[in-house]
Amino acid sequence: MNKRGCIFDFDDTLVETTIFYDRAKERFAARMSELGFPVEESLEILNQFDISNVLKCGGFHKECFPEALIQTYEYYCNHYGSEVCQLTRKWMADLGWWVFKQPTELIAGAREVVTGLSVERPLFLATKGDPEIQSWRLKESGLKDFFKAVYIVPDKTHQEYIDIAVENGLNPGKSWIIGNSMKGDINPGLRSGFNCIHVFHHNTWDFEEEEAVGEYIAVKSIREVPAIILGREIGFR
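The numbering used here puts the first residue of the sequence shown at 972, with every later residue one more than the last.
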């Protein structure tokens, strides 16, 4: 295990993801307002249901968000003594599934970074979510061929990263994990001995936030990543 490599996150690191959830939430909020339900409070309840569903499912399953929208609508109907309208219920479900039908949108600089780094060392992708949806989005992104292997997992833990390292002969101390999530990228990466770069994304879901368990490098743009990795690795030789 002496190879140097880079493990990239996908959602909100290389491609936009949370912006589509946010747009769906805006439409949800407008509809809840039309129904006479409290908007800000309903968004908080929606977030609680969404997080609860993810935890119950043990990962980012595609049903979690559509179900959370339905649950929130039904919660307020019950709370205010209103009858659940099946058309509105279906509208909520359709809104949730709309998120997964949006075209894949690369984050600025992602293609250049992946293209350049793939020449220097092996790249790997580790992403959470539904395998069918994530595979389709990765293909749509045009980035798939730059990665030696792709791992679509229910959750990203330090053991997942250790397994990737062992399978590919990577030395964690000479390799990097790059992502926007403290919970899913940086902390499990630090626990498994990797060097980690946190890439800021202004739409990161609060579920992905937590205190860091060690030292890491923070950048504001994916474009800063190659210089850091190639510059720091001079000291690894």
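Quick reminder that beta carbons are idealized off the backbone N, C-alpha and C, glycines included.
How would you call residue i, buried or exposed, if buried means at least 16 neighbouring beta carbons within 10 angstroms?
i            : result
residue 1105 : buried
residue 1074 : exposed
residue 1131 : buried
residue 973  : exposed
residue 1141 : buried
residue 1021 : buried
residue 1201 : exposed
With C-beta atoms as the reference, is residue i less than 8 Å away from residue j?
i            : j            : result
residue 978  : residue 1097 : yes
residue 1137 : residue 1161 : no
residue 1256 : residue 1099 : Only positions 972 to 1208 of the chain appear in the structure, and residue 1256 is not among them; the question remains open.
residue 1092 : residue 975  : yes
residue 1172 : residue 1158 : no
residue 1043 : residue 1016 : yes
residue 1115 : residue 1121 : yes
residue 1168 : residue 1199 : yes
Since I believe residue j is in contact with residue i (beta carbons under 8 Å), could you give me their beta-carbon distance rounded to a whole number of angstroms?
i            : j            : result
residue 1084 : residue 1194 : 6 Å
residue 1117 : residue 1089 : 4 Å
residue 1033 : residue 1095 : Contact doesn't hold; Cβ gap of about 23 Å is too wide.
residue 1153 : residue 1186 : Not a contact, Cβ separation roughly 13 Å.
residue 1126 : residue 1029 : 7 Å
For residue i, which residues of its own chain have a beta-carbon under 6 Å away from its beta-carbon, when the five flanking residues on both sides are left out?
i            : result
residue 1067 : 1036, 1037, 1040
residue 1010 : 1000, 1003, 1004
residue 1008 : 1047
residue 980  : 1150, 1156
residue 1055 : 1045, 1048
residue 1023 : none
residue 1206 : Low per-residue confidence applies at residue 1206: pLDDT is 42, beneath 50, and the placement is therefore not dependable, though the value from the model is reported in the following sentence. There are no such residues.
Nearest to residue i by CA position, among the options, is which residue?
i            : options                : result
residue 1077 : 1183, 973, 1002, 1113  : 1113
residue 1143 : 1151, 1150, 1134       : 1134
residue 1014 : 997, 1087, 1163, 1167  : 997
residue 986  : 1201, 1199, 1200, 1170 : 1170
residue 1006 : 1051, 1020, 1163, 1025 : 1051
residue 1128 : 1119, 1165, 1023       : 1165
residue 1119 : 1103, 1139, 1110, 1023 : 1139
Leaving aside the five residues before and after residue i along the sequence, list all residues of the same chain whose C-beta is less than 7 Å from its C-beta, in chain order.
i            : result
residue 1174 : 983, 989, 990, 993
residue 1197 : 1084, 1087, 1088
residue 1080 : 1192, 1193, 1194
residue 1069 : 995
residue 1063 : 1040, 1041, 1044
Looking only at its chain, what residues have a beta carbon closer than 8 Å to the beta carbon of residue i, apart from the 5 residues adjacent to it on each side?
i            : result
residue 1208 : At residue 1208 the pLDDT is 36, less than 50, meaning the model places this residue with poor confidence and gives no usable figure here.
residue 1110 : none
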